[in-house]
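Notes for the one structure printed next.
Residue numbers (the working numbering): 200 to 545.
Encoded structure:
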């Protein structure tokens with residue numbers, strides 16, 4: 200197996216930023232994890248620090264209040280640990296666990312069955328933004344759970360997805376819609392319904408999820424291939440298109456960079472039309488921040504092996520790092536029938 204790979208450059212024209220109180224936020228997050236025993240027995244405080252989750256979220260929200268930032272951060276650290284835990288859990292156990300989590304978020308679980316960290320987050324979300332935001336968030340979490348359960352069921356059944364099917368579900372199992380659903384929390388608004396009704400904004404959300412999911416697949420390929428996990432864009436490109444791993448890495452980077460191009464084109468047409476809707480403009484700015492945050496964080500987090508990787512502000516020429524000739528089937532696989540019905544709006 201290849202153990203050293205040259206990672207291709209990934210394009211991002213968006214400026215980086217970070218919240219001035221990132222260290223305060225990290226200290227809060229560590230107290231939240233200790234209070235609820237998140238990662239207990241598997242992740243030490245040093246492990247959590249090395250993951251740099253506080254930095255990840257602080258880069259995405261450089262200008263929000265520290266109290267609101269910490270709601271997102273506490274959700275995100277819980278989600279990271281839950282995602283890793285799912286890799287070692289049976290589908291049947293996950294169905295039970297996910298049911299308990301959703302009932303907790305929706306306030307329908309008996310007191311004895313509530314998942315304590317999510318119960319705390321439920322109260323904080325309602326206090327910050329109201330019941331409507333909570334229910335939108337719970338629906339996005341349900342969608343994310345469904346996508347993760349699909350992956351775990353595939354592993355349990357020793358089944359690998361098709362390339363098209365994986366790309367379809369990857370948009371959701373990367374978990375970004377749960378973050379987007381909390382815009383009312385971070386930005387102290389009640390306009391999210393109207394924002395999500397804009398078709399171009401929904402397209403930008405999908406593009407953001409793709410960009411983040413595909414870059415994560417590039418950076419995590421070695422780790423996931425060692426675990427023989429078939430849910431990785433690079434591995435599936437290699438398998439389904441007959442590519443070497445360096446060729447598949449280059450092709451995944453081309454897909455990523457084209458999706459960034461698509462985001463930029465759509466946003467440049469959309470934002471001038473939103474002059475009278477500042478919340479929607481702030482929403483698109485949040486999406487840009489998430490894209491940049493994910494790349495900068497990935498290069499620093501212990502979660503990935505990114506030696507030699509770099510982010511470039513100018514769009515690299517496809518020919519500069521393509522190791523295979525262009526063909527008619529290259530690029531983003533067109534979406535067909537969904538692997539399962541997924542609804543994320545509200």
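Even glycine gets a Cβ: it sits at the ideal position worked out from N, Cα and C.
Small disclaimer: the values here were computed from a predicted structure and weren't measured.
Classification of residue 449 by the beta-carbon crowding that lies within 10 angstroms, buried from 16 upward: Translated into positions along the chain shown, residue 449 becomes position 250. So residue 449 counts as buried.
Could you name the residues of the same chain whose beta carbon sits closer than 6 Å to that of residue 206, not counting the 5 residues immediately before and after it, in chain order? Numbered from 1 along the chain shown, position 7 holds the residue referred to as residue 206. Here the set comprises 507 and 508.
Counting pairs of beta carbons, one from the region 412-421 and one from the region 283-302, are three or more of them closer than 8 Å? Verdict: no, contact absent.
Top-ranked residue by Cα proximity to residue 487, from 460, 503, 475 and 504: As a first step, residue 487 must be located in the chain shown, where it is residue number 288. Among 460, 503, 475 and 504, the Cα nearest to that of residue 487 belongs to 460.
Among the candidates 367, 331 and 335, whose CA atom is the shortest distance from the CA of residue 347? Along the chain shown, one-based indexing puts residue 347 at 148. Per the Cα distances, 367.
Excluding the 5 residues flanking residue 263 on each side, which residues of the same chain have their C-beta closer than 6 Å to its C-beta? Locating residue 263 in the chain shown gives position 64, where the first residue counts as 1. So the list reads 385, once near-sequence residues are dropped.
Alpha helix (DSSP H) segment containing residue 283, residue limits: For the purposes of this step, residue 283 is taken as the residue at position 84 of the chain shown. 265-285 is the extent of the alpha helix (DSSP H) around residue 283.
Cβ shell of residue 244 (< 7 Å), same chain only, five flanking positions each side left out: The sequence position of residue 244 within the chain shown is 45, counting from 1. Shown here for residue 244: same chain residues with a beta carbon closer than 7 Å to its own, the five before and five after excluded, namely 229 in chain order.
Tell me the DSSP secondary structure of residue 206 in three-state form. As a first step, residue 206 must be located in the chain shown, where it is residue number 7. Residue 206: coil per DSSP, three-state reduction.
With residue 455 as the anchor, note down where its alpha helix (DSSP H) starts and where it stops. As a working mapping, residue 455 is identified with position 256 in the chain shown. 444-469 is the extent of the alpha helix (DSSP H) around residue 455.
Alpha carbon of residue 427 to alpha carbon of residue 278, nearest angstrom: Numbered from its first residue, the chain shown carries residue 427 at position 228. Numbered from its first residue, the chain shown carries residue 278 at position 79. Cα to Cα, residue 427 sits roughly 23 Å from residue 278.
Taking the C-alpha atoms as reference points, what is the distance between residue 276 and residue 234? Residue 276 sits at position 77 when you count from the first residue of the chain shown. Residue 234 sits at position 35 when you count from the first residue of the chain shown. For residue 276 and residue 234, the distance between alpha carbons rounds to 13 Å.
Residue 530 in three-state terms, based on DSSP: The sequence position of residue 530 within the chain shown is 331, counting from 1. Low local confidence applies: a pLDDT of 40 at residue 530 is under 50, so the model's placement there is unreliable, and no value is given.
Rounded to a whole number of angstroms, what is the C-alpha to C-alpha distance between residue 208 and residue 216? On the chain shown, residue 208 is found 9 positions in, with the first residue counted as 1. On the chain shown, residue 216 is found 17 positions in, with the first residue counted as 1. Whole-angstrom Cα-Cα distance: 20 Å.
Using beta-carbon positions only, say whether residue 413 and residue 439 come within less than 7 Å of one another. Position 214 of the chain shown, counted from the first residue, corresponds to residue 413. Position 240 of the chain shown, counted from the first residue, corresponds to residue 439. No, the pair does not count as a contact, with Cβ atoms beyond the cut-off.
Residue 510 to residue 500 span [Cα, whole Å]: Counting from 1 along the chain shown, the entry for residue 510 is found at position 311. Counting from 1 along the chain shown, the entry for residue 500 is found at position 301. Straight-line Cα distance between these residues: approximately 15 Å.
Comparing C-alpha positions only, which one of 325, 342 and 303 sits nearest to residue 316? In the chain shown, the residue the question calls residue 316 occupies position 117. In this structure, 303 is the residue among 325, 342 and 303 with its C-alpha nearest to the C-alpha of residue 316.
Residue 340 in three-state terms, based on DSSP: Along the chain shown, one-based indexing puts residue 340 at 141. Helix, per DSSP.
Just tell me which of 326, 247, 242 and 433 has its CA closest to the CA of residue 365. To locate residue 365, count along the chain shown from 1; it is residue 166. The residue with the shortest Cα to Cα distance from residue 365 is 433.
Check whether the region 314-330 touches the region 401-408, counting contact only when three or more Cβ pairs, one atom from each stretch, lie closer than 8 Å. no
Out of curiosity, what's the CA-to-CA distance linking residue 308 and residue 301? Residue 308 sits at position 109 when you count from the first residue of the chain shown. Residue 301 sits at position 102 when you count from the first residue of the chain shown. Distance between the alpha carbons of residue 308 and residue 301: 8 Å.
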